[in-house]
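**Q** Just so we're aligned, residue 110 is where the sequence shown starts under our numbering, counting upward by one.
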Amino acid sequence: MTQTSKNIAITGSGLIGSLLAIFLRRHGHKITVFDRRPDIRTIKFSGRSINLAMSNRGWNTLRQVGLEEEIKEIAIPLYRRAMHVEDKPLYFQNYGKEDEAIWSISRGLLNKRMIELSEAEGVEFRFNEKVWDIDLPKAQIFTGTSEKGAWKEYDFDIVFGCDGAFSRIRHKMQRRSRFDYSQDFIDVGYKELTIPANADGSHKLDKNSFHIWPRETFMFIAMPNLDGSFTCTLFLPFEGDVSFQKLGTKKEVIDFFESYFPDVIEDIGNLTDDFFKNPTSAMVTMKCFPWTYWDKVALVGDSAHAIVPFYGQGMNAGFEDIFVLNQLISEHGDEWETIFDNYQRSRKPDADAIAELSYRNFVEMSSKTADPKFLLQKKIEKHFAQKHPDKWIPVYSRVTFSDQPYSEALAIGDKQEKIMQEIMAIPDINLKWDSDEVEKRLLELIVKNNTKI
């Protein structure tokens, strides 16, 4: 269904804002994107990024506008985890079936490309112009160099807030009656570091793996870049016996890495310089509702549902918001209030579900991946899923390699976990994990739950 052309503003030139702009331009709308920051193409990236992990939901959305293959040119497929566990040899865990992968992409590189593609579609970007306020009923926004200085006034038909977890648009919506809002910071922060390429441009570690050093309450990860380097992230509590608080000198940082990450310390470039130069960033889960106001304003991506990054689904979830919006636009044409209402009601349960899954995955990645019992459980699940793919799909595969709603994946994953706890309680399970007895019991429990899981 075609739409009448509208004058639309988007706040935020990040991945969600720039991709949404492309979709809306394809529907014939005039798009202006505002961002308080300078053009990312003109500055050095900030050192507070975690590499992106593009998976099925993100690719599905890019495919809708013919950009999948172009973006894959700046991405590297990761088929497995490389586990660097203390006092054990390096070992690998495949993510899914043989050809299933998540894709490592530099956030800065992708953002630059998305802005270029948006401009090619005719989108206007207004950088260094901060939105300070919005008149919700009028879709009127006010920008300026400071909160107390002179403001410019712009009139639009519709405004999309894509300005992140601390959205200015959402901030104004929060002042309205019956607007639900919560934010929850976890006690773990993160800091970016780098493993540079070898002299010949090759990667120092296996380039088709997501490298993880799990250390119970903290961890270190590394994801490859096209230039042979790895973007690394240290996740560590802010305070405590082992924490950022305890790493105040270069010697303390070196001692920490020598104690916990001795196999990689020599590979990290400019360790102490980058450690103190790059910021220690916080992570927040943010939930709110409603996401829209009449037929005038809608929140998309982190501005509606910020999550911690441990499932690699923040960008993918935001792209899926756009995918759903695009479907509703095609279905309902000019009925923007219907589009917005259906959008928020369909996406809210899934946003809450991926927030929960993301937090759980931090516990799994940092501590359970080094636990022999947990590894055995995953081994049993994978063995059974290979024999009975119609009866058991692991929750990770449902989230990462399918477009099944996040809320369904969470609910089914909880049922699977309950079943597996019964299986793990079988005497001598470590000796007969691949036996007919265990397979039969799994089949019985699936029937008992009355669902294909």
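Ideal Cβ placement from N, Cα and C applies to all residues, glycine included. If you're wondering where the values come from, they're calculated on a predicted model, not measured in any experiment.
Using C-beta distances below 8 Å, list every residue in its chain close to F275, excluding the 5 sequence neighbours before and after it, in chain order.
**A** Around F275: no qualifying Cβ.
**Q** Mind checking whether V362 and T340 have CB atoms under 8 Å apart?
**A** For V362 and T340, no; Cβs fall outside 8 Å.
**Q** I think T170 touches F510, with their Cβ atoms under 8 Å apart; what is that distance to the nearest whole Å?
**A** With 8 Å as the limit, T170 and F510 do not qualify as a contact, their Cβ atoms being about 15 Å apart.
**Q** Taking DSSP as the reference, what is the three-state secondary structure of A162?
**A** Strand at A162.
**Q** Distance check for L356 and F365, CA to CA, integer angstroms please.
**A** Whole-angstrom Cα-Cα distance: 8 Å.
**Q** What distance in whole Å lies between the Cβ atoms of A210 and E245, which are believed to be in contact at a cut-off of 8 Å?
**A** Just to set this straight, residue 245 is Leu in the shown sequence, not Glu. Incorrect: roughly 42 Å between the Cβ atoms, too far for contact.
**Q** Once DSSP output is grouped into helix, strand and coil, what is the label at F432?
**A** F432: helix per DSSP, three-state reduction.
**Q** Closest to Y505 by C-alpha separation, out of M474, A534, F143, would be which residue?
**A** Looking at the Cα atoms, M474 is the closest of the given residues.
**Q** How far does the alpha helix (DSSP H) with P481 in it reach, from first residue to last?
**A** Counting along the chain, the alpha helix (DSSP H) containing P481 begins and ends at 481-496.
**Q** Please determine, among F234, A413, I140, the residue with the shortest C-alpha to C-alpha distance to K281.
**A** Of the candidates F234, A413, I140, the one whose C-alpha sits nearest the C-alpha of K281 is A413.
**Q** Please classify L199 as buried or exposed, where buried requires at least 16 neighbouring CB atoms within 10 angstroms.
**A** Exposed: under 16 other Cβ atoms inside 10 Å.
**Q** Does the segment 420-439 come into contact with the segment 122-135, if we say contact requires no fewer than three beta-carbon pairs (one atom in each stretch) closer than 8 Å?
**A** Flag = yes, the segment 420-439 and the segment 122-135 touch.
**Q** Decide yes or no for the touch test of the segment 290-304 against the segment 335-351: beta carbon pairs closer than 8 Å, at least 3 of them.
**A** They touch, by the three-pair rule.
**Q** Which residue comes first and which comes last in the beta strand (DSSP E) that contains D461?
**A** Per DSSP, D461 belongs to no beta strand (DSSP E); it is in the alpha helix (DSSP H), 445-475.
**Q** Report the option in L226, H193, G270 whose CA atom is closest to the CA atom of R150.
**A** Selected option, being the one with the closest Cα: L226.
**Q** Taking C-alpha atoms, which residue in D512, I538, L551, P536 lies nearest to K524?
**A** Here the closest residue by C-alpha is L551.
**Q** What number of angstroms, rounded off, separates the C-alpha of F143 from the C-alpha of F269?
**A** Approximately 11 Å between the Cα atoms of the pair.
**Q** Skipping 5 residues on each side, what residues in its chain have a beta carbon closer than 6 Å to that of L302?
**A** Excluding residues within five positions, the ones whose Cβ falls inside 6 Å are C341, I377, D383.
**Q** Go through the segment 499-551 residue by residue and report every complete run of the alpha helix (DSSP H) that reaches 4 residues or more, in order.
**A** You should have 504-509, 515-533, 538-541.
**Q** If you count every other CB in all the chains shown that lies within 10 Å of the CB of F201, and 16 or more means buried, which is it?
**A** Burial call: exposed.
**Q** Would you list the residues sitting across from C397 in a DSSP beta bridge?
**A** DSSP lists Y290 as partners of C397.
**Q** When you compare each of H497, D443, T447 to Q112 by their alpha carbons, which one comes out closest?
**A** When only C-alpha atoms are compared, the closest one is D443.
**Q** Do L161 and I214 have their beta-carbon atoms positioned less than 8 Å apart in this structure?
**A** Yes, Cβ-Cβ distance for I214 and L161 is below 8 Å.
**Q** Report the CB separation of F370 from W322 in whole angstroms; it is logged as a contact under 8 Å.
**A** With a Cβ gap of about 6 Å, F370 and W322 count as contacting.
**Q** For P388 and F353, I'd like the C-alpha separation in whole angstroms.
**A** Rounded to the nearest angstrom, the two C-alpha atoms are 11 Å apart.
**Q** Could you have a look at N379 and say whether DSSP puts it in helix, strand or coil?
**A** Of the three classes helix, strand and coil, the one that applies to N379 here is coil, per DSSP.
**Q** Which residue from G123, L128, G121, I140 puts its Cα closest to that of K115?
**A** Taking only the C-alpha atoms, the option nearest K115 is I140.
**Q** V406 to Y420, Cα distance in whole Å?
**A** Looking at the two C-alpha atoms, the distance is approximately 29 Å.
**Q** Note down, one range per segment and in chain order, each beta strand (DSSP E) of at least 3 residues found wholly within the segment 325-396.
**A** DSSP runs (the beta strand (DSSP E)) wholly in the segment 325-396: 328-333, 339-346.
**Q** Quick check: the segment 462-473 against the segment 513-528, are at least 3 beta-carbon pairs closer than 8 Å?
**A** Taking 8 Å as the limit for Cβ pairs, the verdict is that the segment 462-473 does touch the segment 513-528.
**Q** Can you tell me which residues form a DSSP beta bridge with F319?
**A** F319 pairs with R190.
**Q** Can you tell me which of the three DSSP states T170 falls into?
**A** Reduced to three states, the DSSP call for T170 is helix.
**Q** Answer with buried or exposed for G175, where buried requires no fewer than 16 other C-beta atoms within 10 angstroms of its C-beta.
**A** Exposed: under 16 other Cβ atoms inside 10 Å.
**Q** Taking 8 Å as the cut-off, decide whether the C-beta atoms of I224 and K316 are in contact.
**A** No, these two residues do not count as a Cβ contact at 8 Å.
**Q** Tell me E262's beta-bridge partners as DSSP assigns them.
**A** The partner list for E262 (beta bridge, DSSP) reads F251.
**Q** Considering K239, what are the terminal residues of the beta strand (DSSP E) in which it resides?
**A** K239 -> beta strand (DSSP E) spans 239-244.
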